[in-house]
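Trainee: This is the structure I have questions about; it appears just below.
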Amino acid sequence: MALPPPSLTVESMHAVDAIIEHASRFQGKLEIVTLGPLTNLAMAVLKDPDLAQKVKHVYIMGGSGLTPGNITPLAEFNFYADAEAVHLVLQSGLSVTVVGWEIGMGEAFINQDDIDYLNTLSDLGRFAVRCNSTLMAFNAGRTDRVGFDLPDPTTMAVALFPEIIENCIEAHTWIEYHSEKSYGHFVIDSTQLTFQATNARVVTSIKSGMFKQKLFSLLS
């Protein structure tokens, strides 16, 4: 990718302790955006049982509760990587918004027209296409779609610009972590059949034009 050498160095504090420290320092104000497995956040919950009262909100990229998964027929990668951690986070009392993989494959999917535009937009635009070439090949091998999904930027966009949310569900949710075949399956009780208390807001659609407008603006 011809990137410059990284300037960041390894932090001395463990990520779990950093979460706890920042939650205490910015009590009631800290918002967390998770773009990978939830292991560190789950460990922070175990280490500090009062964490849910200190954190303002958590935005989670994970799950595919509305569609098939991308790592198994039922599971998205981040949730599949550590379903036990997802269980702990969903049961913790943290205020959470879940942006599933299907959102990146829906309104936020970068199609051929978008790719052509990015390649003429700027060096950053061309880099965005080039660095997703492996993902494009992966998508082409399992679907008939040309392009790539952006689940992480989609989740970050929801956190930064809440008005980008078009529809969402407030529901009781849970993760399957016992069954070998269904491990990592994110379940959304959207019709309240379990009569359990709501523990998550799940984004079901975003304003596609707004997301791409902001993305292209940043890459211009």
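Residue numbering for the sequence shown is -19 to 200, as defined by my numbering. Beta carbons are placed, not taken as given, at the ideal position from N, Cα and C, and that holds for glycine. In this text, all values refer to a predicted model and were calculated from it rather than measured experimentally.
#1: The alpha helix (DSSP H) with Arg106 in it runs from where to where?
#2: Run the CB neighbour count on Phe175, radius 10 Å, all protein chains shown included, and call it buried at 16 or more, exposed below.
#3: Is it true that the CB of Val79 sits closer than 8 Å to the CB of Ile40?
#4: Hey, how far is the Cα of Ile204 from the Cα of Met85?
#5: The alpha helix (DSSP H) that contains Asp132, what's its start and end?
#6: Could you pull out every residue in the same chain whose Cβ sits closer than 6 Å to the Cβ of Trp81, ignoring the five residues on either side in sequence?
#7: Among all the DSSP beta bridges, which residues are the ones paired with Tyr39?
#8: Can you tell me which of Ser197, Glu(-9) and Leu(-17) puts its alpha carbon nearest to the alpha carbon of Gly105?
#9: Select from Cys148, Pro53 and His2 the residue whose C-alpha is nearest the C-alpha of Leu31.
#10: Name the two residues that bound the continuous alpha helix (DSSP H) containing Ala4.
#11: Please return the same chain residues whose Cβ sits closer than 7 Å to the Cβ of Cys111, not counting the five positions on each side in sequence.
#12: What number of angstroms, rounded off, separates the C-alpha of Leu15 from the C-alpha of Ala139?
#13: From Thr153 to Ser159, what does the alpha carbon distance come to, in whole angstroms?
#14: Quick one: residues in its chain with C-beta nearer than 6 Å to the C-beta of Ala180, no 5 flanking neighbours on either side, listed in chain order?
#15: Straight-line CA distance for Cys148 to Arg125?
#16: If we count the other Cβ atoms within 10 Å of its Cβ and call it buried at 16 or more, is Gly42 buried or exposed?
#17: Taking the C-alpha atoms as reference points, what is the distance between Asp169 and Thr100?
Mentor: Per the coordinate set shown:
#1: Looking at the DSSP string, the run of the alpha helix (DSSP H) that includes Arg106 is Asp103 to Arg110.
#2: The residue is exposed, with fewer than 16 neighbouring Cβ atoms inside 10 Å.
#3: Their beta carbons are under 8 Å apart, which means Ile40 touches Val79 by this criterion.
#4: A question about residue 204 goes unanswered here, because the residues of the chain that appear run from -19 up to 200.
#5: Here the alpha helix (DSSP H) through Asp132 covers Pro131 to Leu140.
#6: Hits under 6 Å: Ser44, Asn50, Glu56 and Pro131.
#7: In DSSP, Tyr39 forms a bridge with Val13 and Thr77.
#8: Distance check between Gly105 and each of Ser197, Glu(-9) and Leu(-17) places Ser197 closest, using alpha-carbon atoms only.
#9: Checking every option, the nearest Cα to that of Leu31 belongs to His2.
#10: Reading off the sequence shown, one finds Ser at residue 4, where the question assumed Ala. Run containing Ser4: Ala(-5) to Arg5, per the alpha helix (DSSP H) assignment.
#11: The answer, listed in chain order, is Met(-19).
#12: Taking the CA atoms as reference points, Leu15 sits about 12 Å from Ala139.
#13: Straight-line Cα distance between these residues: approximately 17 Å.
#14: Listed in chain order, the non-local C-beta contacts of Ala180 below 6 Å within the same chain comprise Val76, Val78 and Thr153, local neighbours out to five positions each way being set aside.
#15: Distance between the alpha carbons of Cys148 and Arg125: 25 Å.
#16: It counts as buried.
#17: If I take the Cα positions, the gap works out to 44 Å.
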